[in-house]
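Structure record follows, encoded as structure tokens.
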Amino acid sequence: MFDTLLIANRGEIACRIAATARRMGIRTVAVYSDADADARHVQACDRAVHIGGPEPAASYLRADAILDAARRTGAQAIHPGYGFLSENAGFARACADAGLIFVGPPVDAIAAMGSKSAAKTLMSGADVPLVPGYHGERQEADFLQEQARAIGYPVLIKASAGGGGKGMRIVHADAEFQAALASCQREAASSFSNAQVLIERYLTKPRHIEIQVFADTHGQCVHLFERDCSVQRRHQKVIEEAPAPGMTPDRREAMGRAAVAAAQAVGYVGAGTVEFIAEPDGRFYFMEMNTRLQVEHPVTEAITGQDLVEWQLRVAAGQPLPLRQDQLRIQGHALEARIYAENPDKDFLPSIGRLDALQWPPHVVFQTGPVRVDGGVREGDTISPHYDPMIAKLIVHGQDREQARQRMLRALGAVRCTGVQTNIAFLGRLMDDPAFAGADLDTGLIEREHERLFPAPRDSEDSALALAVAALLHHDGPARPGATADTNPWGQSDGWRIGGRYARTLVLKDDRGERTLHLRRDGSLWTLGVDEHPAQAFHWQAEGRHPAHVRVRLGDTEARGDVHRDGARLDVFDYGRRQTLEWRDPLALAAASADDAAGGLTAPMPGKILSVAVSAGDSVTRGTPLIVMEAMKMEHTIEAPHDGVVKEVFYTAGDQVTEGVTLIDLEAAEAD
383 MFDTLLIANR GEIACRIAAT ARRMGIRTVA VYSDADADAR HVQACDRAVH IGGPEPAASY
443 LRADAILDAA RRTGAQAIHP GYGFLSENAG FARACADAGL IFVGPPVDAI AAMGSKSAAK
503 TLMSGADVPL VPGYHGERQE ADFLQEQARA IGYPVLIKAS AGGGGKGMRI VHADAEFQAA
563 LASCQREAAS SFSNAQVLIE RYLTKPRHIE IQVFADTHGQ CVHLFERDCS VQRRHQKVIE
623 EAPAPGMTPD RREAMGRAAV AAAQAVGYVG AGTVEFIAEP DGRFYFMEMN TRLQVEHPVT
683 EAITGQDLVE WQLRVAAGQP LPLRQDQLRI QGHALEARIY AENPDKDFLP SIGRLDALQW
743 PPHVVFQTGP VRVDGGVREG DTISPHYDPM IAKLIVHGQD REQARQRMLR ALGAVRCTGV
803 QTNIAFLGRL MDDPAFAGAD LDTGLIEREH ERLFPAPRDS EDSALALAVA ALLHHDGPAR
863 PGATADTNPW GQSDGWRIGG RYARTLVLKD DRGERTLHLR RDGSLWTLGV DEHPAQAFHW
923 QAEGRHPAHV RVRLGDTEAR GDVHRDGARL DVFDYGRRQT LEWRDPLALA AASADDAAGG
983 LTAPMPGKIL SVAVSAGDSV TRGTPLIVME AMKMEHTIEA PHDGVVKEVF YTAGDQVTEG
1043 VTLIDLEAAE AD
């Protein structure tokens, strides 16, 4: 076994690998970019080497810098994690040329599976079933459109060298094909430096089921059962689980046998995942093979009791697989939820910013347990526009699927994350959705259940408003009856007034609009009225400031929760729910109004302008694409919110912009 391992990655997966290496007594070396100088993975390793600027191309994709870091630190092996250089055959070859162990499959296996088109040709020869489609080398737009017509719509355009949901578009009609192809090719070129695509028949109500395989250098190859990764948004996985609900022993054996055949066809060594798409009638087809460890590997670890990173390191060191196929067993059920900094209500747009608060329920880290959290960021860290916006993976294990689902619901309800938008509430709704609860799964579940998963904004609960009011009072001073305060009445901030009476109106803004709260104190009696409803007796207690732990009673209703305050923003957590409110402080609003800029379309996140479709003087209608931006290797199209005339365009293709800057001045069309 080697004694020094360089981890050529960042974030959660770098921390994950370091945890197993430490347990095995292996010294670890981290690499980091300018943006990651204080990152968690840097602190998790024994040594750290700076390798370049914040952009991946200037750091984590620099094979030369990583190999030089390995040479300088005496590393004998490199673990690439997932993403970045993990499936780069050239990097694996460079490691071998430098006398380093690449913790991954042989170069030829990476090359064979690196091209989806070539892989499917190879799988056809190994009698692995394939989805009908075009996987060839010709890439002329008109030719590809002819292939799509021959296959029959809907079709899926997919980056040949892709992964992670990038460079994929579903096309439902011939008229949509050329625009979708161009967008897919741009995204593929940006993410993988390869614009080649393949086209396949798009299956209706398919499930995404993948098989974890492992092979060693002694001729052994096993599968560690399946994972169901059907629940996806923007072609990227959100929820993964193992085993797959409804999987029969015969089908599991058939899919496992096909996955092992796929691995053996390319002389595979190490950890790999063979991904299949399955139809409701049980037929399944090969999609691709990921020649690396998957993001969702913890659910396989949970049901098998095995540490897959340890397996990787032992196989890379030339040791045989720890277990034979007949020694592997499924134990219980596991679910993984990917917690992202993103806004589900805005098409899952990434959210950039500082993690003001990040708190988890009781859990284990990077090992199997009832509740596990695998994360690469901490409270106070910043979600950067340069990398994937995943905050952490929340993994639960139960005796069966229902126990795991309930455990996930409770765990999600206990997470406290502020400072950025997150998908936590959305994940809770997903867990509680009847289709998901009943295991009625397919890759279109989120779209199919859209009405339930994206409910219309509702008025905040009175209890949440009362918790926010109590937190504001507590922050201003010891305002509860009986509290110790300055004996000088002019120095008190507890609502003291001559005659013992005090009245105050507070305005809090929620998703529906402004809510007016009428607060009164008459001696020791507090009352609170919400909007036009009658005032009710109001009792409260609070401790702490960041967050404030608050308990209130409004009339006959009692509530308790945590309130995190950042200026005018109040994040209220109670009974597993998060409600974000804005305190409409009259003084602060008056000060801010002087700085307000006139209208205009603003950048929803930091990113790069890819294309601008309009010029000053152009007339546009609502929904017209105006600008295409790229952030975190994903394209986002900004459309006209209303009919109007473009007065001015402030940026051109290639410009980098920050969140909130005005991109276009769009004057609304005059009503007839």
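So the sequence shown is numbered by the working numbering: it starts at 383 and just counts up by one. Cβ coordinates follow ideal geometry from the N, Cα and C atoms, glycine included.
Just verifying my parser: in three-state terms, what is the DSSP assignment at residue i?
i	result
M629	coil
D416	helix
I552	strand
R634	helix
G465	coil
A885	strand
S497	coil
Q874	Below a pLDDT of 50, predicted positions are generally treated as unreliable, and Q874, at 46, falls in that range; no measurement from the model is reported.
Q701	coil
T866	Unreliable positioning characterises T866 in this predicted model, as indicated by a pLDDT of 42, which lies under 50. The coordinate reading is nonetheless provided below. It is coil, neither helix nor strand.
I806	helix
L899	strand
K1073	Only positions 383 to 1054 of the chain appear in the structure, and residue 1073 is not among them; the question remains open.
C799	strand
G472	helix
L740	strand
V510	coil
A1133	Because the chain in this structure spans residues 383 to 1054, residue 1133 falls outside the shown range and cannot be described.
A979	Any reading at A979 must be qualified, since the residue scores a pLDDT of 39, below 50, and its modelled position is unreliable; no value is offered.
T750	coil
T984	strand
R1100	With the chain represented from 383 up to 1054, any question about residue 1100 goes unanswered, as that position is not in the structure.
Can you check whether the CB of residue j is closer than 8 Å to the CB of residue i?
i	j	result
V945	A853	yes
A501	E670	yes
V1039	P1007	no
T800	D738	yes
L794	M813	yes
H928	A917	no
A457	V411	yes
Y535	D556	yes
H461	A401	no
R444	G758	no
I1009	V994	yes
I777	E724	no
D323	R398	Because residue 323 is not part of the residues shown, which for the chain are 383 to 1054, the question remains open.
S499	S542	yes
I539	R520	no
V604	Q707	yes
Q713	I734	no
L952	L963	yes
Among the options, which residue has its Cα nearest to the Cα of residue i?
i	options	result
Q803	I721, A819, A998, W742	I721
V681	V651, R783, A644	R783
N1019	A950, D729, P837, G820	According to the sequence as given, residue 1019 is Thr; it is not Asn. Per the Cα distances, D729.
A491	T402, H921, Q646	Q646
E598	I552, F836, R453, P487	Note that residue 598 is Asp in the sequence shown here, rather than Glu. The shortest Cα separation from D598 among I552, F836, R453, P487 belongs to P487.
G905	F559, Y884, G895	Y884
A480	D450, A494, E833	D450
V851	A950, I593, G826	A950
R947	V747, G926, I685	G926
H600	E1012, R897, P744, P704	P704
So if DSSP puts residue i in a beta bridge, which residue, or which two residues, is it bridged to?
i	result
Q918	L910
Y667	I659
M772	Y722
P1007	E1021
C603	A597
N672	T655
I591	D610, F658
K990	E1012, Q1038
Q707	Paired residues: none, contrary to the question.
T962	D953
T939	L936
V755	L776
With a threshold of 8 Å between beta carbons, is residue i in contact with chain B?
i	result
R551	Of the protein chains in the structure, only one exists, and it is not chain B.
Exercise. Using 8 Å as the threshold, is the stretch 462-477 in touch with the stretch 607-617, meaning 3 or more CB pairs across them?
Worked result: no
For this session: Say whether the stretch 688-699 touches the stretch 753-768, bearing in mind that this needs 3 or more beta-carbon pairs closer than 8 Å, one atom from each stretch.
Result: no
Exercise. Does the stretch 644-655 touch the stretch 684-694, meaning 3 or more C-beta pairs lie closer than 8 Å?
Worked result: A contact exists between the stretch 684-694 and the stretch 644-655.
Exercise. Touching or not, the stretch 618-631 and the stretch 555-575, by the rule of three or more beta carbon pairs under 8 Å?
Worked result: no
Problem set entry | Three CB pairs or more closer than 8 Å across the stretch 909-916 and the stretch 837-851 | yes
Exercise. Taking three-plus beta-carbon pairs below 8 Å as touching, is the stretch 816-826 in contact with the stretch 889-907?
Worked result: Taking a cut-off of 8 Å on C-beta distances, the stretch 816-826 does not touch the stretch 889-907, as fewer than three cross pairs fall below it.
Exercise. When the Cβ atoms of the stretch 575-587 are set against those of the stretch 506-520, are three or more pairs found closer than 8 Å?
Worked result: A contact between stretches requires three or more CB pairs, one per stretch, nearer than 8 Å, and the stretch 575-587 meets this requirement with the stretch 506-520.
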